[in-house]
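If you read the sequence shown in the numbering used here, its first letter stands for residue 138, the second for the next number, and so on.
For reference, the structure is listed below as structure tokens.
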Amino acid sequence: MPLSPAQIASYWENGFLAVPELFPTAHIASLRSRIEELCADWQSDLAKRLHMQQEPEVVSGGAAPNPATIRKFADLADIDPVFLNHARHPALLAVVAQLIGRPLSLYADQALLKPPLHGSEKPEHQDNAYFRVEPADHVITCWTALDDADLLNGCMHYYPGSHRTGNVPHRAIKGTPHLVPDGYQRSDSVAVPVPAGSLVLHHSQTVHWTPANGSARWRRAYVVHLVRADAQMNARHPNSPPLLELLA
Numbered sequence: 138m139p140l141s142p143a144q145i146a147s148y149w150e151n152g153f154l155a156v157p158e159l160f161p162t163a164h165i166a167s168l169r170s171r172i173e174e175l176c177a178d179w180q181s182d183l184a185k186r187l188h189m190q191q192e193p194e195v196v197s198g199g200a201a202p203n204p205a206t207i208r209k210f211a212d213l214a215d216i217d218p219v220f221l222n223h224a225r226h227p228a229l230l231a232v233v234a235q236l237i238g239r240p241l242s243l244y245a246d247q248a249l250l251k252p253p254l255h256g257s258e259k260p261e262h263q264d265n266a267y268f269r270v271e272p273a274d275h276v277i278t279c280w281t282a283l284d285d286a287d288l289l290n291g292c293m294h295y296y297p298g299s300h301r302t303g304n305v306p307h308r309a310i311k312g313t314p315h316l317v318p319d320g321y322q323r324s325d326s327v328a329v330p331v332p333a334g335s336l337v338l339h340h341s342q343t344v345h346w347t348p349a350n351g352s353a354r355w356r357r358a359y360v361v362h363l364v365r366a367d368a369q370m371n372a373r374h375p376n377s378p379p380l381l382e383l384l385a
């Protein structure tokens, strides 16, 4: 499904764009099922290879970690065909190519889970504070909802137009992996609730955040960060293996 001129204009004006229910139900079900299998097997060597993270309140609070308190897996497409299939999905690549062009490669990917009642807040940040890709227009975050995402379980929130300020200074939050910018008021951000199967795209410099999940429902998402293969990737080590090519 190609983007309309109005959708493309909205992305560049606001720095984000929701494409409702882009993916078929069966495709989303396969991703969700595989994540459930990984969660059930959370103590396995495979889970370790996928950088499994438990929710910080569980780790620091002394509660017993379990399959229902997992926060994140990463680098899934490298070793799991279900997630690789999503990264190569024709509808995803067609939309991204309209926005940032080609050739396209997979820069990074994560399953971000926000488990019921445990899913923690992700504070404000720009993805390019971590990636440091130049030009910043050439990397895009593609956030796919595997569950209905709403105000109660932690949908995406964006600061419209914040991508136009360029990369802004970030400071580290002690004791966490988070880098955050100062000076943003949450009343200025816009919530983007979407049903399962929807794609939410955002520019690498768009400031965004997600609230904690206080509901009894999961808010699972699978996220791929796609990059123009001809961009300068300053955060990657010169000896890193080549990125997975997706679209020539």
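Backbone N, C-alpha and C fix where the C-beta goes; we use that ideal spot for every residue, glycine too.
Supposed close pair residue i, residue j - CB separation, criterion 8 Å
| i | j | result |
| --- | --- | --- |
| Leu336 | Thr281 | 5 Å |
| Ala358 | Leu249 | 5 Å |
| Leu283 | Arg169 | 5 Å |
| Leu381 | Ala214 | 7 Å |
| Phe160 | Gly334 | 5 Å |
| Asp212 | Leu187 | 6 Å |
| Ala200 | Leu383 | Incorrect: roughly 39 Å between the Cβ atoms, too far for contact. |
| Arg171 | Lys251 | Actually they do not touch by this definition, with Cβ atoms about 17 Å apart. |
Simplified DSSP state of residue i, which is helix, strand or coil
| i | result |
| --- | --- |
| Cys292 | coil |
| Ala245 | strand |
| Ile216 | coil |
| Trp355 | coil |
| Gln235 | helix |
| Val195 | helix |
| Ala372 | coil |
| Lys311 | coil |
| Gln190 | strand |
| Ala200 | coil |
| His362 | strand |
| Leu383 | strand |
| Arg208 | strand |
Backbone CA spacing between residue i and residue j [nearest angstrom]
| i | j | result |
| --- | --- | --- |
| Leu183 | Pro142 | 43 Å |
| Leu230 | Leu288 | 28 Å |
| Ser197 | Leu140 | 44 Å |
| Gly320 | His307 | 11 Å |
| Ala349 | Lys259 | 8 Å |
| Ala228 | Ser324 | 33 Å |
| Ala234 | Leu175 | 31 Å |
| Gln190 | Gln247 | 11 Å |
| Asn203 | Arg301 | 41 Å |
| Ile310 | Phe210 | 21 Å |
| His226 | Asp217 | 14 Å |
| Ser147 | Ala286 | 21 Å |
| Val232 | Asp178 | 34 Å |
| Gly351 | Val219 | 29 Å |
| Pro332 | Leu221 | 22 Å |
Same chain, Cβ closer than 8 Å to residue i, neighbours up to 5 away in sequence not counted
| i | result |
| --- | --- |
| Tyr295 | Asn151, Gly152, Phe153, Ser326, Val327, Val329, His339, Thr343, Val344 and His345 |
| Val276 | Ile237, Tyr244, Asp264, Asn265, Phe268, Val270, Ser341, His362, Leu363, Val364, Arg365 and Ala368 |
| Leu144 | The sequence given here has Gln at residue 144, not Leu. These residues qualify, in order along the chain: Leu154 and Val156. |
| Ser181 | none |
| Ala353 | Pro253 and Leu254 |
| Thr313 | Pro193 |
| His262 | His307, His315, Leu316, Val317, Pro318, Val344, His345 and Trp346 |
| Gly303 | Ala273 and Gln342 |
| Gly298 | Glu150, Asn151 and Gly152 |
| Val360 | Asp246, Gln247, Ala248, Leu249, Thr278, Cys279, Trp280 and Thr281 |
Own chain, CB closer than 6 Å to residue i, minus 5 neighbours either side, in chain order
| i | result |
| --- | --- |
| Pro192 | Reading off the sequence shown, one finds Glu at residue 192, where the question assumed Pro. Answer for Glu192: Thr206, Arg208, His255 and Ser257, listed in chain order. |
| Thr278 | Asp264, His339 and His362 |
Neighbourhood of residue i by C-beta distance below 7 Å, restricted to the same chain and skipping five residues each side
| i | result |
| --- | --- |
| Arg373 | none |
Contact test: residue i Cβ vs the ligand ATP heavy atom, cutoff 7 Å
| i | result |
| --- | --- |
| Leu213 | As for the ligand ATP, it is missing from this structure, which has no ligand bound. |
Runs of 3 residues minimum, wholly inside the stretch 243 to 281: which ones carry the beta strand (DSSP E) assignment?
259 to 262
Of all the beta strand (DSSP E) runs that stay within the bounds of the stretch 318 to 350, which reach a length of 3 or more residues?
327 to 329, 336 to 340 and 345 to 347
Could you pull out every unbroken beta strand (DSSP E) segment of at least 3 residues lying fully inside the stretch 150 to 187, listed in chain order?
153 to 156
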